[in-house]
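Residue numbers (numbering that gives the first Met the number 0): 0 to 752. Okay, structure first, notes after.
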Amino acid sequence: MAAVQSGPMDTNEEKEIKTEEPNDSSRNNNANDVRPLSVSPGTTSSGGCTKPVAGTTEEQQTLLAVLRFLKKNNLSESVDILRREACLSEETEDSKGGELGGAGAGGGAGSTDNGGGDTSSLLSRVSVAPTAGSTSVAPAPSKGAGDDQPDVNVVLSAYSQQGDPLLYDVYYNSLKRFIESVLDCHRAELSQVFYPLFVHMYLELVYNNHENVAKAFFEKFSGDQECYYAEDLRILSGLTKKEHMRGNETLLDFRTSKFVLRISRDSYQLLKRHLQERQNNQIWNIIQEHLYIDIFDGMPRSKSQIDAMSGSLAGEAKREANKAKVFYGLLKEPEIEVPLDDEDEEAENEEGKPKKKKPKKDSMGSKSKKQDPNAPQQNRMPLPELKDSDKLDKIMYMKEATKRIRLGPENLPSICFYSFLNAYQGLTAVDFTDDSSLIAGGFADSTVRVWSVTPKKLRKVKSAADLSLIDKESDDVLERIMDEKTASESKILYGHSGPVYGISFSPDRNYLLSSSEDGTVRLWSLHTFTCLVGYKGHNYPVWDTHFSPYGYYFISGGHDRVARLWATDHYQPLRMFAGHLADVTCTRFHPNSNYVATGSSDRTIRLWDIINGNCVRIFTGHKGPIHALAFSPNGKFLASGATDGRVLLWEIGHGIMIRELKGHTDTIYSLKFSRDGEILASGSMDNTVRLWDALKAFDDLETDDFTATTGHIHLPENSQELLLGTYMTKSTPVIHLHFTRRNLLLAAGAYNP
0 MAAVQSGPMD
10 TNEEKEIKTE
20 EPNDSSRNNN
30 ANDVRPLSVS
40 PGTTSSGGCT
50 KPVAGTTEEQ
60 QTLLAVLRFL
70 KKNNLSESVD
80 ILRREACLSE
90 ETEDSKGGEL
100 GGAGAGGGAG
110 STDNGGGDTS
120 SLLSRVSVAP
130 TAGSTSVAPA
140 PSKGAGDDQP
150 DVNVVLSAYS
160 QQGDPLLYDV
170 YYNSLKRFIE
180 SVLDCHRAEL
190 SQVFYPLFVH
200 MYLELVYNNH
210 ENVAKAFFEK
220 FSGDQECYYA
230 EDLRILSGLT
240 KKEHMRGNET
250 LLDFRTSKFV
260 LRISRDSYQL
270 LKRHLQERQN
280 NQIWNIIQEH
290 LYIDIFDGMP
300 RSKSQIDAMS
310 GSLAGEAKRE
320 ANKAKVFYGL
330 LKEPEIEVPL
340 DDEDEEAENE
350 EGKPKKKKPK
360 KDSMGSKSKK
370 QDPNAPQQNR
380 MPLPELKDSD
390 KLDKIMYMKE
400 ATKRIRLGPE
410 NLPSICFYSF
420 LNAYQGLTAV
430 DFTDDSSLIA
440 GGFADSTVRV
450 WSVTPKKLRK
460 VKSAADLSLI
470 DKESDDVLER
480 IMDEKTASES
490 KILYGHSGPV
500 YGISFSPDRN
510 YLLSSSEDGT
520 VRLWSLHTFT
530 CLVGYKGHNY
540 PVWDTHFSPY
550 GYYFISGGHD
560 RVARLWATDH
570 YQPLRMFAGH
580 LADVTCTRFH
590 PNSNYVATGS
600 SDRTIRLWDI
610 INGNCVRIFT
620 GHKGPIHALA
630 FSPNGKFLAS
640 GATDGRVLLW
650 EIGHGIMIRE
660 LKGHTDTIYS
670 LKFSRDGEIL
680 ASGSMDNTVR
690 LWDALKAFDD
700 LETDDFTATT
710 GHIHLPENSQ
720 ELLLGTYMTK
730 STPVIHLHFT
740 RRNLLLAAGA
750 YNP
């Protein structure tokens, strides 16, 4: 059993949460493994026995009952340990054996003796926590009050319950009838118990070799579970024998993580009272062992509120997981003077149009000069210094920003679609450079291909012999070092030994990252079109990789469930972010580069603090693996897309879901905010691009009304009012989106004939 944690609890509740979490790894090795009983620190029993067996006759009989049970199940090692701790020899046991009137008779809740290891002191610390497929006696902290100790009758009855598989059906049915009979306001919350309880009861039956009963139990109750657990149940249905459970990842997820349920105090008290009245120890033990009940004070949540947050592999996120301070503001931009020649010319040619944009630009500039109160310290994250080429690029960016189209419901962006034809190699990933001059594709044949989107062709740097002849002081040295003989519209990069699943351009367009099924991330030079480094850290396929907005750092995530932070000049990862229960399928840097977001097949999104490696946010609500993430330009919001076809919007500061955008009918593979954050574009495998009014979605928020403390979320019912447009391709799934610096939307995908 493990603690059912919540807010302030009364004394009676505290009495029931008293045992430690058993070690899962020991159960997988031996079905009959029993952990040694713990003895208080005052007991002196290191190899020998310093105190003879003591206590009343009832207590001795109870101890003998436990020994008989251990012997019956061939747990000889545990018998020896118990004998040694209780100072009981075989002769003593045999002589006392005839006095045993009935297994479990007597009071196990005897008084505790602080003096050492007598029988009552030993038994007062015994507590049973039956778990999926194990008969485990777990140690519990000792307490002073004798009436708080678990009765040994409970110990023995718990074992016998596991021996009678037919009771599982009865218990589950009884609880189901009870929950269906309670008031509507409590029913939705208590119904959350069904799924984790069903899973663990089924696994216990399989683990204890009750194959036929387990199958009947699954067929009878699997249809009652929520539809978004269908994939988990499909995998679970394949676990029909104990042998199937060894090394199974899904089983490992259920065994090593606690399913989190957020329940109001009134609903929790109803459930607890019912189980205590029925003396349903089996279900209560499973609830305490495998569930984390996050109790809040206030009104119970409605069915729609619960459904909005449900669906992940381990239930909802604990409220404590989203209370850490997050510095989501943007860093102060470096002060760079922008030549105004081009703008002056435009002012003459286009009358007052640029003048309307000037105030917008000026306001942007003033924001960057003033320190954002929600921004991290400028030196919190070590960032690379700006080179002269970076400053030139910043100037170009700011010039482009003055010509940027202001988007909105009345002014939607133009969309330019890049279709990959004859992509029989299987297009798996696409990326554009920030200035939209290059496009790269990753393919299933292990290659990475780079194309020039502009008339300017791709060229390699000249050979070392030719470079030595160039005047390094000349103004056009960067042009002279390029070899015109190698000019072409595209380049193919060879090096991976498996399909390429993720690619990302560096902000300065000098490098390209690619991640592959071969477990490596490769860094390619876009000057020589050769591989510079192969980063080896993942042991399994790497599904995604992404460069920091400032370059130098990058993130990767893969099948090993871990995201890794790298620096381009280090061959070992700087950070490892572990916590997901399934593959890390997508990764994104926050605009201020102090945080990274990871989406996973466990249907959760996690936000990690790069500085200390802590997980500062856990978002649950998706009903399928997550494949798309996008931060808003101001860093305050996060959008996510998944196989459930929904786009969810999250407010990072409070760690809460604020919108649910429905419309897509298939997996969402790409999300992108326009440069000023007014429009959110989503691309899906349903061959459509949809545009959403992000400005309206965020402006409607009133942060004072956020009630994250109680877990109540009121989502607007109709998301169609935010849908600005739907654009269909003929037969091309959309796997990448990109807004240019002037807010033209670029989309890409492989034509599917």
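Every residue gets a Cβ at the ideal spot worked out from N, C-alpha and C, and that includes glycine.
If I follow the unbroken beta strand (DSSP E) through residue i, where does it start and stop?
i: F546; result: V541 to F546
i: L744; result: L744 to A749
i: A85; result: A85 -> not in any beta strand (DSSP E); alpha helix (DSSP H) instead, spanning S75 to A85.
Between the options, which lies nearest to residue i when the distance is taken from Cα to Cα?
i: F220; options: M656, V169 and R318; result: V169
i: H526; options: R587, V460, S514 and G501; result: V460
i: T519; options: R508, S445, L511 and G536; result: G536
i: P498; options: P540, N613, S599 and A213; result: P540
i: T584; options: S730, D559, R645 and S303; result: D559
i: A85; options: L202, T61, A638 and F431; result: T61
i: A323; options: T432, N717 and D608; result: D608
i: V429; options: K71, V733 and D79; result: V733
i: M727; options: N686, L745 and T739; result: N686
i: I610; options: N378, A215 and Q281; result: N378
i: N509; options: D434, G533 and H495; result: D434
i: V561; options: C614, D296, H653 and M308; result: C614
i: V198; options: L736, R254, H273 and G246; result: R254
i: S718; options: P333, D389 and L660; result: L660
i: P164; options: G724, K214 and V192; result: K214
i: P375; options: K386, E332, Y396 and H621; result: E332
i: N410; options: F697, G328, D692 and L250; result: D692
i: V646; options: G634, D568, L628 and Q287; result: L628
i: K695; options: Y291, S681 and E720; result: E720
Quick check on the DSSP output: the alpha helix (DSSP H) that includes residue i runs from which residue to which?
i: T401; result: D387 to T401
i: M481; result: Counting along the chain, M481 falls outside any alpha helix (DSSP H), though it belongs to the beta strand (DSSP E) covering M481 to S487.
i: I657; result: That residue, I657, is in no alpha helix (DSSP H); its beta strand (DSSP E) goes I655 to L660.
i: R264; result: R264 to E276
i: K214; result: E210 to F220
i: Y510; result: Here Y510 belongs to no alpha helix (DSSP H); instead the beta strand (DSSP E) covers Y510 to S515.
i: I285; result: N280 to H289
Going by beta carbon distance, what residues of the same chain come within less than 6 Å of residue i, once the five residues before and after it are set aside?
i: Q571; result: none
i: T642; result: G623, P624 and T666
i: V325; result: V615 and I651
i: N211; result: none
i: D703; result: Because D703 sits at a pLDDT of 49, beneath the cut-off of 50, its placement in the model cannot be relied upon, and the following sentence gives the value as read from the coordinates. Excluding residues within five positions, none has a Cβ falling inside 6 Å.
i: G654; result: N321 and R616
Under the rule that 16 or more other beta-carbon atoms within 10 Å means buried, what is residue i, buried or exposed?
i: H713; result: exposed
i: K671; result: buried
i: A439; result: buried
i: E516; result: buried
i: L87; result: buried
i: S683; result: buried
i: T619; result: buried
i: P752; result: exposed
i: I690; result: Residue identity check: residue 690 is Leu in the sequence provided, not Ile. So L690 ends up on the buried side.
i: P590; result: buried
i: G748; result: buried
i: E188; result: buried
i: M298; result: exposed
i: I469; result: exposed
i: E248; result: exposed
i: D293; result: buried
Looking only at its own chain, which residues have a Cβ that is under 7 Å from the Cβ of residue i, when we skip the five neighbours before and after it?
i: H545; result: S503, F553, I554, T586, R587 and F588
i: R741; result: E399, K402, R403 and I404
i: I414; result: V688, Y726, L744 and A746
Who are the Cβ neighbours of residue i in its own chain at under 8 Å, not counting the five residues just before and after it?
i: E179; result: R186
i: D465; result: D482
i: S592; result: L330, M380, L382, S547, P548, Y549, Y552 and I609
i: A313; result: D252, S256, K257, F258, V259, L580, D601 and T603
i: Y500; result: T427, A428, G441, S514, S515, E516, P540, V541, W542 and D543
i: I335; result: K390, K393, I394 and M397
i: H626; result: T584, C585, G598, G640, A641, T642, T666, I667 and Y668
i: D444; result: Q424, G425 and P498
Using a Cβ cut-off of 8 Å (strictly closer), state whether residue i contacts chain B.
i: Y570; result: Within the model displayed, chain B is absent; a lone protein chain is all it includes.
List in chain order: all unbroken beta strand (DSSP E) runs of 3+ residues lying wholly within the region 609-634.
-> Taking only runs of at least 3 residues, the beta strand (DSSP E) segments lying wholly in the region 609-634 are 614-619 and 625-630.
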